[in-house]
Every structure is written in structure tokens, then in C-alpha cells.
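S.K.: Have a look at the structure that comes next, please.
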Amino acid sequence: MDKYEVVKDLGTGNFGVARLLKHKETKELVAMKYIERGRKARYFFQQLICGVDYCHSLQICHRDLKLENTLLDGSPAPLLKICDFGYSKSSILHSRPKSTVGTPAYIAPEVLSRREYDGKHADVWSCGVTLYVMLVGAYPFEDPNDPKNFRKTIQRIMAIQYKIPDYVHISQECKHLLSRIFVTNPAKRITLKEIKNHPWYLKNLPKELVESAQAVYYKRDNTSYSLQSIEDIMKIWFG
Numbered sequence: 001m002d003k004y005e006v007v008k009d010l011g012t013g014n015f016g017v018a019r020l021l022k023h024k025e026t027k028e029l030v031a032m033k034y035i036e037r038g039r040k041a042r043y044f045f046q047q048l049i050c051g052v053d054y055c056h057s058l059q060i061c062h063r064d065l066k067l068e069n070t071l072l073d074g075s076p077a078p079l080l081k082i083c084d085f086g087y088s089k090s091s092i093l094h095s096r097p098k099s100t101v102g103t104p105a106y107i108a109p110e111v112l113s114r115r116e117y118d119g120k121h122a123d124v125w126s127c128g129v130t131l132y133v134m135l136v137g138a139y140p141f142e143d144p145n146d147p148k149n150f151r152k153t154i155q156r157i158m159a160i161q162y163k164i165p166d167y168v169h170i171s172q173e174c175k176h177l178l179s180r181i182f183v184t185n186p187a188k189r190i191t192l193k194e195i196k197n198h199p200w201y202l203k204n205l206p207k208e209l210v211e212s213a214q215a216v217y218y219k220r221d222n223t224s225y226s227l228q229s230i231e232d233i234m235k236i237w238f239g
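In C-alpha cells, the structure reads:
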């Protein structure tokens, strides 16, 4: 944000704030919607990953994960709910998917191949896009100069062409996680299990979401990480 100054707040939504910004040198005005400092983004991403992991444990892949298909319950400590399972498939009841379904900005490269693919790997990709949108307020693979051009979006997806804007400050750990999600070969893409043990994911993880494998991580002599209840975390972030 060093290059921009806030002109005014435009409003707030479930996942962030919209602000009118002005470039300090060019005086160009831009409107941005984003999650401040990524703290809320991590909190909602942690819940999203746990929800998707539960679906996968039931052998169900969603195939259309996006912000619009997540809801917040409106409680003081908002809980995220995944909705709209219209494109979902069961690996027990159905064959491996090969149809190109989903929202273009969130679609994984293998879904565009028109060949059979693993819907669980594709869901991981969509979770990564969702995280990026919560952090930046824009889609990672849209051409910033031509955002409505789906052909360009698809080309950028296939080329893994994305960047973190200069005005968005996120940690190297978060950048590393995104780089492990946005991988063309689904077999080399990070798994949900690996995400749930990634340092960025584990930071400030509500104890309600901690599993045994992650509990071992927290027992190490690492003062950077601690277990807190959802209520404690929300007092810090939303209080």
C-alpha cells in the first residue's frame, strides 16, 4: 500500500472492505476490495479447508468452490459454510469427472483439458483461488487490463501466470502456499493434508480445528504459533 493512499471507504462485505485508493504519483484512482492484512483471510481459509477436507473424506468433490458458494452464519465469530453442491460428484457413485464445469476464474488447468481428472485435486486449486481473492480482492489469472476476456484468463491459468500486486503485503509463507497450490500437474499440487500442516495455515489456528497431527506441531518449541479458541481469535481480529 506504500504507493497508494486511501481516499474513502466504499463499504464492507462478508469477506472484506472496499476502498477507493489514489496512486501517490500518477493520481490514478482505483477501487479495491480486499481482506486487511490477510488475518481474516487465513481464518476463513482454515475453515474452508476443513470443510472441503470433510467432503473429500465422504468421497465427494465440490467442483465449483468459490467465494459465492460460501456463506457466513452471522454469529459474532463467523463460521463458514460451503453451499451449492450442484456440480458435486461422488467418487463412489460416479465415474471420474471429465466435464468442464465451474466458474472460469476458479477452474484448475486439468479441468480445461476435457479429459478425466481428479475432482479433489481441482478443489484444492479452487481453494487457492479463493484464498487469493480474499487476500487481494481480484482474481489471480484475470488479465488486469482485460478482466472480462475469458480466453485470456484460460491462457493465464494454463501458463500459471499470476502475481501478488505491490500494494498487497503478505508473508513469504503465504506466497509459498499459493505457489504450491497453483501447480499445473495435479499430481504435484499440494494436498489438503499438506495444506493443513503448512506453517501459514497453522498460524493462529483455532483449537477447534486442530487435529492430532497438527497438535504435535504445536508442541514444538515454537513461540510463533499458539492455540487459541475461535472466541479469542475473533476478539483480536474483529473486536
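So in UniProt numbering, the last one in the sequence shown is 239, and the numbering has no gaps at all.
Glycine included, each C-beta is placed from N, C-alpha and C at the ideal position.
Going by DSSP in three states, residue 91 sits in which element: helix, strand or coil?
M.R.: By one-based count along the sequence shown, residue 91 stands at place 91. In the structure shown, residue 91 sits in coil (DSSP, three-state: anything other than H, G, I, E or B).
S.K.: Tell me the rounded alpha-carbon separation between residue 37 and residue 88.
M.R.: Your numbering for residue 37 matches position 37 in the sequence shown. Your numbering for residue 88 matches position 88 in the sequence shown. Interpretation of residue 37 is limited by its pLDDT of 43, a score under 50 that renders its predicted location unreliable; the figure taken from the coordinates is listed afterwards. One C-alpha to the other measures close to 32 angstroms.
S.K.: Please give me, in chain order, every unbroken run of the alpha helix (DSSP H) with length at least 4 that falls completely inside the segment 100 to 186.
M.R.: Counting whole runs of 4 or more residues, the segment 100 to 186 contains the alpha helix (DSSP H) stretches 119 to 136, 150 to 158 and 172 to 181.
S.K.: Are the Cβ atoms of residue 43 and residue 149 separated by less than 9 angstroms?
M.R.: Numbered from its first residue, the sequence shown carries residue 43 at position 43. Numbered from its first residue, the sequence shown carries residue 149 at position 149. No, they are not a contact pair.
S.K.: Determine, using beta-carbon pairs with one atom in the segment 159 to 167 and one in the segment 187 to 199, whether at least three such pairs fall under 8 angstroms.
M.R.: The segment 159 to 167 vs the segment 187 to 199: no contact.
S.K.: What does a CB cutoff of less than 7 angstroms around residue 66 pick up in its chain, not counting 5 residues either side in sequence?
M.R.: To locate residue 66, count along the sequence shown from 1; it is residue 66. Here the set comprises 103, 106, 126 and 130.
S.K.: For residue 72, does the three-state DSSP call read helix, strand or coil?
M.R.: The sequence position of residue 72 within the sequence shown is 72, counting from 1. Residue state, collapsed to three classes: strand.
S.K.: I believe residue 182 touches residue 154 by the beta-carbon criterion, under 8 angstroms. Please report the beta-carbon distance rounded to the nearest angstrom.
M.R.: What you label residue 182 is simply residue 182 of the sequence shown in a count that begins at 1. What you label residue 154 is simply residue 154 of the sequence shown in a count that begins at 1. Not quite, the Cβ-Cβ distance comes to about 14 angstroms (not below 8 angstroms), so this is no contact.
S.K.: Considering only the alpha carbon of each residue, which of 178, 112, 109 and 146 lies closest to residue 135?
M.R.: In the sequence shown, residue 135 corresponds to position 135, counting from 1. Measuring from the Cα of residue 135, the nearest candidate turns out to be 178.
S.K.: Could you tell me which residues DSSP puts in a beta bridge with residue 22?
M.R.: One-based indexing of the sequence shown puts residue 22 at position 22. DSSP, once it has assigned bridges, lists 5 and 29 as partnering residue 22.
S.K.: Suppose you measure from the CA of residue 119 to the CA of residue 27; what does that come to, to the nearest Å?
M.R.: Numbered from 1 along the sequence shown, position 119 holds the residue referred to as residue 119. Numbered from 1 along the sequence shown, position 27 holds the residue referred to as residue 27. If you take the alpha carbons of residue 119 and residue 27, they lie about 45 angstroms apart.
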